[in-house]
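Notes for the one structure printed next.
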Amino acid sequence: MQIPGYLSDTPGTREELAGLQGAVRHVDEQFGRWVQALRELGLEKNTLLIATTDHGIAMPRAKCSVYEPGLQVMLMLRHAGRVGWHGGAVRNEMVSNIDVLPSILDLVGIPVPANVQGRSFAPLLDGRAYKPNATIFGELTYHGYYDPQRSIRTETHKLIANFSTAPAFQDPSQMWRPKSDTVVPENPGTAFHPHLELYDLTADPWEQVNLANKPACASIRDELARRLLQHMVETDDPLLRGAVTSPQHETTMKMLRGEPVETKRKKK
91 MQIPGYLSDT PGTREELAGL QGAVRHVDEQ FGRWVQALRE LGLEKNTLLI
141 ATTDHGIAMP RAKCSVYEPG LQVMLMLRHA GRVGWHGGAV RNEMVSNIDV
191 LPSILDLVGI PVPANVQGRS FAPLLDGRAY KPNATIFGEL TYHGYYDPQR
241 SIRTETHKLI ANFSTAPAFQ DPSQMWRPKS DTVVPENPGT AFHPHLELYD
291 LTADPWEQVN LANKPACASI RDELARRLLQ HMVETDDPLL RGAVTSPQHE
341 TTMKMLRGEP VETKRKKK
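Dropping the structure here:
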């Protein structure tokens with residue numbers, strides 16, 4: 091078993107990773123069942139199959155973070171009738187979740203509306219001319235508690251901007267007691283976000299050494315910071331106007347003002 095470099099090699103880590111591998115195998119088997127069902131129905135060659143996830147793996151310093159293990163997700167596509175799609179191909183170009191919708195529209199022959207963000211990666215899969223994304227943006231605002239983060243990465247570097255003094259990373263387990271430990275920080279309970287984090291993804295792919303305060307890296311940091319702020323302005327990021335409150339805050343304020351609030355239906 092290969093242990094990711096950001097996790098400590100402990101029995102607990104190995105146990106959780108073994109469980110993850112079992113889940114991956116289960117997904118792979120179910121994907122095969124979908125393919126077989128489409129084949130039996132005679133729909134295989136005119137059906138686009140897509141399987142993806144909403145976040146990275148549920149391990150410390152992965153899910154609920156904008157580190158690479160938290161942003162990287164599975165994305166499998168299959169179209170037996172597509173010319174040039176022979177299966178088994180793995181591509182390393184950077185794509186983002188916002189590229190999925192325009193790609194689907196492109197693949198099924200529907201014009202992409204002008205107001206749709208993202209770029210189709212269909213040409214990449216077809217073997218046609220494709221200009222890869224130069225940057226990928228990530229964000230987290232609230233998951234379990236308020237922890238606003240924004241990130242930008244290129245092929246070689248990642249800049250993370252932290253807007254609160256929250257713990258260094260969130261507990262991703264939510265429904266179970268985690269058994270895995272991180273290499274950095276050694277004691278997560280006493281580690282908190284710095285303002286900025288800069289990582290050399292070529293030399294340090296697991297984002298262990300923060301270079302944000304290194305004079306030799308100042309030009310890279312400042313350029314990525316400029317581009318990240320520009321993206322926040324272009325997308326009208328609410329953080330530009332200050333702290334973002336939780337949904338509970340809005341509901342409580344309505345109740346204090348005597349305004350009607352939507353209540354959840356009780357299960358029968």
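With my numbering, letter number 190 in the sequence shown gets 280, and the count goes up by one each step, no holes. Think of the CB as a built atom: it goes at the ideal place given N, C-alpha and C, for glycine as much as any other residue.
Straight-line gap, residue i to residue j (C-alpha atoms, nearest Å)
i, j, result
"R123", "Q239", "39 angstroms"
"Y157", "E297", "7 angstroms"
"P213", "V117", "27 angstroms"
"W175", "N223", "22 angstroms"
"M184", "P350", "45 angstroms"
"R376", "V323", "This structure gives no information on residue 376, because the portion of the chain shown stretches from 91 to 358."
"P150", "Q120", "27 angstroms"
"C307", "I93", "29 angstroms"
"N136", "V125", "12 angstroms"
"S193", "T100", "41 angstroms"
"R181", "R115", "21 angstroms"
"P186", "G102", "Correcting the residue type first, residue 186 is Ser in the shown sequence and not Pro. Each residue's alpha carbon lies about 32 angstroms from the other."
"R316", "S309", "11 angstroms"
"I250", "H169", "36 angstroms"
"D294", "P257", "22 angstroms"
"V299", "V274", "9 angstroms"
"D326", "G95", "36 angstroms"
Own chain, CB closer than 7 angstroms to residue i, minus 5 neighbours either side, in chain order
i, result
"L346", "none"
"G217", "G174"
Contacting residues, own chain, Cβ-Cβ under 8 angstroms from residue i (five flanking each side not counted)
i, result
"V190", "I140, T142, L165 and G208"
"A219", "P213"
For residue i, the first and last residue of its enclosing beta strand (DSSP E)
i, result
"D237", "Y235 to R243"
"M166", "L165 to R168"
"L249", "H247 to N252"
Supposed contact pair residue j and residue i - C-beta distance, whole angstroms, cut 8 angstroms
i, j, result
"L318", "I200", "Not confirmed; about 32 angstroms, so no contact."
"K248", "L291", "6 angstroms"
"G146", "L161", "6 angstroms"
"E105", "K221", "Contact doesn't hold; Cβ gap of about 43 angstroms is too wide."
"F253", "L329", "6 angstroms"
"M91", "L110", "Not confirmed; about 10 angstroms, so no contact."
"D271", "S98", "4 angstroms"
Short CB-CB distance (under 8 angstroms) between residue i and chain B
i, result
"W124", "The structure shown has no chain B; it contains just one protein chain."
Element boundaries [alpha helix (DSSP H), containing residue i]
i, result
"S345", "The sequence given here has Met at residue 345, not Ser. Taken as a continuous stretch (DSSP letters only), the alpha helix (DSSP H) holding M345 covers P337 to L346."
"H321", "A308 to E324"
"L107", "P101 to E130"
"E158", "E158 to L161"
"D196", "V190 to L197"
"D216", "A212 to D216"
Close-in-space but distant-in-sequence residues of the same chain around residue i (CB under 6 angstroms, 5 per side omitted)
i, result
"T342", "none"
"L195", "V202"
"G178", "none"
Quiz item: Do the segment 231 to 249 and the segment 326 to 344 meet, that is, are 3 or more Cβ pairs less than 8 angstroms apart?
Solution: yes
Quiz item: Quick check: the segment 284 to 292 against the segment 302 to 322, are there 3 or more CB pairs under 8 angstroms?
Solution: yes
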